[in-house]
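Undergrad:
Protein chains: 2
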Amino acid sequence: MEDFSQWFHNILEEAEIIDSRYPIKGMSVWLPKGFKIRKYVLRELERLMDEDHDEVLFPLLIPEAELAKEGIHVKGFEEEVYWVTHGGMKELNEKLAIRPTSETAIYPMFALWIRSHIDLPIKIYQTVNTMRYETKHTRPLIRVREITTFTESHTIHERYDEAKGQVNEGIAIYKQLFDSLAIPYLIHDRPSWDKFPGADYTFAFDTLMKDCKTLQVATVHNLGDTFAKTFDIKYETADGDHKYPYQTCYGLSDRVIASLIAIHGDEKGLVLPPLVAPTQITIIPIIFKDKGDEVLTKANEIKNSLEEAGLRVNIDDRNIRPGKKYYDWELNGIPLRIDLGPRDLENNRMIITRRDTLTKEECSLNEDLVSTLNSYLSKINDDLKEKAWNFMNEHILEINDLDKIKDTVSSGNIGLIKWCGDDDCGKEIEEKTNLDILGVQSQTNGTCINCGKETKYIVSIAKTY
Amino acid sequence: MEDFSQWFHNILEEAEIIDSRYPIKGMSVWLPKGFKIRKYVLRELERLMDEDHDEVLFPLLIPEAELAKEGIHVKGFEEEVYWVTHGGMKELNEKLAIRPTSETAIYPMFALWIRSHIDLPIKIYQTVNTMRYETKHTRPLIRVREITTFTESHTIHERYDEAKGQVNEGIAIYKQLFDSLAIPYLIHDRPSWDKFPGADYTFAFDTLMKDCKTLQVATVHNLGDTFAKTFDIKYETADGDHKYPYQTCYGLSDRVIASLIAIHGDEKGLVLPPLVAPTQITIIPIIFKDKGDEVLTKANEIKNSLEEAGLRVNIDDRNIRPGKKYYDWELNGIPLRIDLGPRDLENNRMIITRRDTLTKEECSLNEDLVSTLNSYLSKINDDLKEKAWNFMNEHILEINDLDKIKDTVSSGNIGLIKWCGDDDCGKEIEEKTNLDILGVQSQTNGTCINCGKETKYIVSIAKTY
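Residue numbers (our numbering), protein chains in the order written: chain R, -2 to 462; chain W, -2 to 462.
#1: By the 7 Å beta-carbon criterion, what residues does the segment 34 to 53 of chain W contribute toward chain R?
#2: Roughly how many angstroms separate the alpha carbons of T245 of chain R and D222 of chain R, rounded to a whole number?
#3: Would DSSP call M128 of chain W helix, strand or coil?
#4: Spell out the partners DSSP gives T444 of chain R in its beta bridges.
#5: Please name the residue in R:D420, R:K33, R:Q3 and R:A108 whose C-alpha comes closest to that of T227 of chain R.
#6: Flag this pair as yes or no: are the beta carbons of A196 of chain R and L220 of chain R separated by less than 7 Å?
#7: Does the segment 344 to 362 of chain W touch the segment 327 to 336 of chain W, meaning 3 or more C-beta pairs lie closer than 8 Å?
#8: Less than 7 Å between the beta carbons of Y79 of chain W and Y130 of chain W, yes or no?
#9: Taking its Cβ as the centre, do 16 or more other Cβ atoms sit within 10 Å of N126 of chain W, making it buried, or is it exposed?
#10: Kindly list, in the order they appear in chain W, the residues whose Cβ is closer than 8 Å to that of I463 of chain R.
#11: Name the DSSP bridge partner or partners of I348 of chain W?
#12: List the residues that DSSP assigns as beta-bridge partners of I217 of chain W.
#13: Please report the distance separating the alpha-carbon of Y104 of chain W from that of I34 of chain R.
#14: Have a look at the DSSP bridge pairing and note the partners of G152 of chain R.
#15: Roughly how many angstroms lie between the CA atoms of Q173 of chain W and D251 of chain W, to the nearest whole one?
#16: Reducing DSSP to helix, strand and coil, say where N301 of chain W ends up.
#17: Interface residues of chain W around D16 of chain R at Cβ under 9 Å?
#18: Within 10 angstroms of its Cβ, does A62 of chain W collect 16 or more other Cβ (buried), or is it exposed?
#19: Does G84 of chain R pass the burial test, meaning 16 or more other C-beta atoms within 10 Å, or should it be called exposed?
#20: Looking at the secondary structure, which residues open and close the beta strand (DSSP E) in which V310 of chain R lies?
#21: Using the DSSP secondary-structure output, state which residues sit across from D186 of chain R in a beta bridge.
#22: Given this structure, state the Cα-to-Cα distance separating R309 of chain R from P194 of chain R, to the nearest angstrom.
#23: In three-state terms, what does DSSP make of R96 of chain R?
#24: Quick check on H114 of chain R: does DSSP put it in helix, strand or coil?
#25: Helix or strand or just coil, what does DSSP make of N371 of chain W?
#26: May I ask you to list the residues that DSSP assigns as paired with D51 of chain W?
#27: In chain R, which residues lie with their C-beta within 8 Å of the C-beta of E358 of chain W?
#28: Counting contacts by CB-CB distance shorter than 7 Å, is H83 of chain W in contact with chain R?
#29: Return the Cβ separation of E149 of chain W and T101 of chain W in integer angstroms, given the expectation that the two are a contact with Cβ distance under 8 Å.
#30: Does the CB of T124 of chain W have a neighbour CB from chain R at under 7 Å?
#31: Is DSSP giving F388 of chain W helix, strand or coil here?
#32: At 7 Å on the CB atoms, spell out the chain R contacts of F224 of chain W, in chain order.
#33: When DSSP labels each residue in this structure, what does N165 of chain R get in the three-state scheme?
#34: Cα separation between H134 of chain W and G23 of chain W?
#35: Would you identify the three-state DSSP class for N472 of chain R, choosing helix, strand or coil?
#36: Taking Cβ positions only, does F228 of chain W come closer than 7 Å to chain R?
Structure representation (structure tokens):
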């Protein structure tokens, strides 16, 4: 892709995903078509979360005193918090922060809710808007000032090993989500300087955009008992002791939608994974004078039987040229197109075209259409996934020479390097290359690419968003 | 109900709907149980809205310059807008308002979207959080500073009569919603001093709480071309003229949930309309030593067949006393309870108890359970509706003597009075009685209760929230 950034900007506009002309920088409007994709993504995420979490909703604003309680945490966010200082004409007694994330909104309530070990664990999540005063260049859905779709989970447990297990559960849920959206990912144990402010450790999901920069699309944090101590959350054990519980939090945002659009889309427009396509199948009736009714009747019959089976189908019977209908079908990324004309009816067939490959196949109308089309959709998801994973994997290269990192990564790759794990040494690598260490990917034996010390860590290094 | 206010506060706490101990006055946390009710209410509202509106999502913040453009509108809200003045440590160049409602966020975008008559009509809606700096006494879900669930619709049309028709469509949608929630309502044409700031006219839905104060639960406004002129929204007609289009907006909030809880609930807890009950049927297995497995097997069989038919069912097999299970069932307002024990199995029956009436009936296990239980649920909704409408109608009294208004209304009624329609005269009535004129209810011939002039208007007067 020659200019990914321009292409991404254009596709958001042409496919009517969002309108970024809103009169505040970094804040955009979700348009009807984009909103529907967002809705289906959230529906799948909620389905996964609801298996073991309760959905809740906390207030937008956080009193300054609460936000400031956790020293490391507030330091991580103080540069980017929006402050509410006035109500009407009146100055407020205490400044209120618009949540940049909700730890400091939720944990004071945990302190009220938790008395005993029988109150634990608690596993909750919410989908909310959050704000960050970005000073860097903003980019719709990727680097924004209003994160409109932040799904954040917060859990609290008796023991540290339960929190560790919950981190794995969070990772497992996100894997399922990304797999169902055909989005490839690398999971990294972030270096200490890139952890969530206040966390013991942070795992992050990174995906690769078509310009070969990585995008962080989800994070999972083990908070240890840091916040429990700060917010004085204590529980009574079965033996009558009073202890601090352990916490995790994990979240993802609009970037999930950004990446599914960016990774699968092509020069003709969107290519949507079937699970989140607002329309999964469009039927285009080819209508001549005489045979119009017959074709439309058959199209409606097909539509009804597919809808009964839970598929999302429309008939594009607009009175416009077929060429324009095909153009719109491509732009909107509808996974499957069915062409149906009088000659098809005579031959008892229809023509199915896949959006991802643009390949056509004939299909007999005698077949079990529900199962035929479902297997097309599932094949599309598999193929999108394979293609996207291949693209990412082809751009991951081992690098053993410090001097080669910059060129190798700059020419469009994620580098795998050996690093000793020492913070100063890691930051030195970042400075020398002007790149970011994403974190530990896997382990082996070898020596650090920078200082030469023995190490077992293989880390990824990349240009990042 | 002796002390409605205390009862309402208690039920929100005991049934775990919301937690109002959040450390900012007027802002509360939706707890898991409350959130589920909210979700089902929204699901029904979205189903109704999606038939003829597109869902969208606009930013939370509005630049001061946009908010201030419409003079009457901003005057209506300036006392209650929360202002964001700082991003991080930096003072912003322009103050940003947290939306009190979204006209001034949406209409600058309408100006960009609308060029020609073929762009019209547009009908959109969004469900968002909005903020109002309430200086009056706040009350959870009823008078709050963060409205967490504001579903606002905005439409724009070529002709004024289309906007008038759309007002009727909005009213029709809300009627359907309130009917399905068994919430009674009176629709009033608000007097000029109580219109939405900037509107031509406002219709409002008022319901009656158990303390006999009315609660405004929805409003529908015809905006005329006021905002189109302010935001310079113009379209080109088929003839090439340039004209201002006409607009409507309508919305409802958390108060819908407040009223369904308040109107149907009783001394034992929630009584939920089946449509929005997170659990519609709970099965309580009575388990003795020998026969436990058999009873549980049957309970699961019943649950599965009901769930297949789309009903929301749980089995309360917690290892606690039945009395506690009944207590929870009542508190949570689950519409139907099924008791099933070994003796019931022997007699091939189950016992069904209705939450609203607490009446029990035997039901043979040979019956078509899906249709039996569905007809119970539909009967419950009908009966809840009838009871609630009766309660309201019994508290509406015609009053023909100015001196009797205050006592009649204060003893727990909505008054119907004749009023000439003159603003000054109407405000005089409000001042003399310390009550609110809700607006025109119907028409007749007669004379104004205050000034004695001939009139055709019958208006409601009440104590309001």
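Using N, Cα and C, we set each Cβ at its ideal position, and we do this for glycine too.
The structure presented is a predicted model; accordingly, all values stated were derived computationally and were not measured.
TA: According to the data block:
#1: D51, E52 and V53
#2: The residue you call residue 245 of chain R lines up with position 248 of the first sequence. The residue you call residue 222 of chain R lines up with position 225 of the first sequence. Computed Cα separation, rounded: 9 Å.
#3: Reading the second sequence from its first residue, position 131 is the one you call residue 128 of chain W. The answer is strand: DSSP assigns M128 of chain W an E or B state.
#4: Here residue 444 of chain R refers to the residue found at position 447 of the first sequence. Paired residues: R:E451.
#5: Translated into positions along the first sequence, residue 227 of chain R becomes position 230. Nearest option by C-alpha distance: R:A108.
#6: Here residue 196 of chain R is taken as the residue at index 199 of the first sequence, counted from 1. Here residue 220 of chain R is taken as the residue at index 223 of the first sequence, counted from 1. Going by C-beta atoms, A196 of chain R is nearer than 7 Å to L220 of chain R.
#7: yes
#8: In the second sequence, residue 79 of chain W corresponds to position 82, counting from 1. In the second sequence, residue 130 of chain W corresponds to position 133, counting from 1. Cβ distance < 7 Å, so Y79 of chain W and Y130 of chain W count as in contact.
#9: For the purposes of this step, residue 126 of chain W is taken as residue 129 along the second sequence, with counting starting at 1. Under this definition N126 of chain W is a buried residue.
#10: As shown, chain R starts at -2 and ends at 462. That puts residue 463 of chain R outside it, with no answer to give.
#11: Taking the first residue of the second sequence as position 1, residue 348 of chain W is located at position 351. Bridge partners of I348 of chain W: W:D336 and W:E359.
#12: Along the second sequence, one-based indexing puts residue 217 of chain W at 220. Per the sequence presented here, residue 217 of chain W reads as Val, with Ile not at that position. Looking at the DSSP assignment, V217 of chain W forms a beta bridge with W:F200 and W:Y247.
#13: Against the second sequence, residue 104 of chain W aligns to sequence position 107. Against the first sequence, residue 34 of chain R aligns to sequence position 37. Each residue's Cα considered, the two are about 24 Å apart.
#14: Position 155 of the first sequence holds residue 152 of chain R. The question names Gly, but residue 152 of chain R in the sequence shown is Thr. Answer is R:K120 and R:T245, bridged to T152 of chain R.
#15: On the second sequence, residue 173 of chain W is found 176 positions in, with the first residue counted as 1. On the second sequence, residue 251 of chain W is found 254 positions in, with the first residue counted as 1. Each residue's alpha carbon lies about 17 Å from the other.
#16: Here residue 301 of chain W refers to the residue found at position 304 when the second sequence is read from its first residue. In this structure, N301 of chain W counts as helix in the three-state DSSP scheme.
#17: Counting from one through the first sequence, the residue named residue 16 of chain R turns up at place 19. Correct list: M106, L109 and W110.
#18: By one-based count along the second sequence, residue 62 of chain W stands at place 65. Classification of A62 of chain W: exposed, given that the 10 Å Cβ count is below 16.
#19: Taking the first residue of the first sequence as 1, we reach residue 84 of chain R at position 87. Label assigned to G84 of chain R: buried.
#20: Residue numbering aside, residue 310 of chain R sits at position 313 when the first sequence is read from its first letter. V310 to I312 is the extent of the beta strand (DSSP E) around V310 of chain R.
#21: Position 189 of the first sequence holds residue 186 of chain R. Answer is R:F200 and R:V437, bridged to D186 of chain R.
#22: Taking the first residue of the first sequence as 1, we reach residue 309 of chain R at position 312. Taking the first residue of the first sequence as 1, we reach residue 194 of chain R at position 197. Roughly 43 Å separates the two Cα atoms.
#23: If you number the first sequence from 1, residue 96 of chain R lands on position 99. Looking at R96 of chain R - three-state DSSP - the assignment turns out to be coil, as it is neither helix nor strand.
#24: Your numbering for residue 114 of chain R matches position 117 in the first sequence. Helix, per DSSP.
#25: The residue given as residue 371 of chain W occupies position 374 in the second sequence. The answer is helix: DSSP assigns N371 of chain W an H, G or I state.
#26: As a working mapping, residue 51 of chain W is identified with position 54 in the second sequence. Answer by DSSP bridge pairing, in chain order: W:I121.
#27: Locating residue 358 of chain W in the second sequence gives position 361, where the first residue counts as 1. The contacting residues do not exist; E358 of chain W stays about 33 Å from chain R at best.
#28: As a first step, residue 83 of chain W must be located in the second sequence, where it is residue number 86. Yes - at least one Cβ of chain R is within 7 Å of the one on H83 of chain W.
#29: Translated into the one-based positions of the second sequence, residue 149 of chain W becomes position 152. Translated into the one-based positions of the second sequence, residue 101 of chain W becomes position 104. Wrong, their Cβ atoms sit about 12 Å apart, outside the cutoff.
#30: On the second sequence, residue 124 of chain W is found 127 positions in, with the first residue counted as 1. Chain R contact via Cβ: absent.
#31: Walking along the second sequence from the start, residue 388 of chain W turns up at place 391. F388 of chain W: helix per DSSP, three-state reduction.
#32: If you number the second sequence from 1, residue 224 of chain W lands on position 227. Going along chain R, no residue has its Cβ under 7 Å from F224 of chain W, so there is no contact; the nearest lies around 16 Å.
#33: Indexing the first sequence from 1 puts residue 165 of chain R at position 168. It is helical.
#34: Sequence index remark: in the second sequence, residue 134 of chain W carries index 137 (1-based). Sequence index remark: in the second sequence, residue 23 of chain W carries index 26 (1-based). Each residue's alpha carbon lies about 9 Å from the other.
#35: With chain R running from -2 to 462 in the structure shown, residue 472 of chain R is simply not present.
#36: Mapped onto the second sequence, residue 228 of chain W falls at position 231. No - not a single Cβ of chain R is within 7 Å of the one on F228 of chain W.
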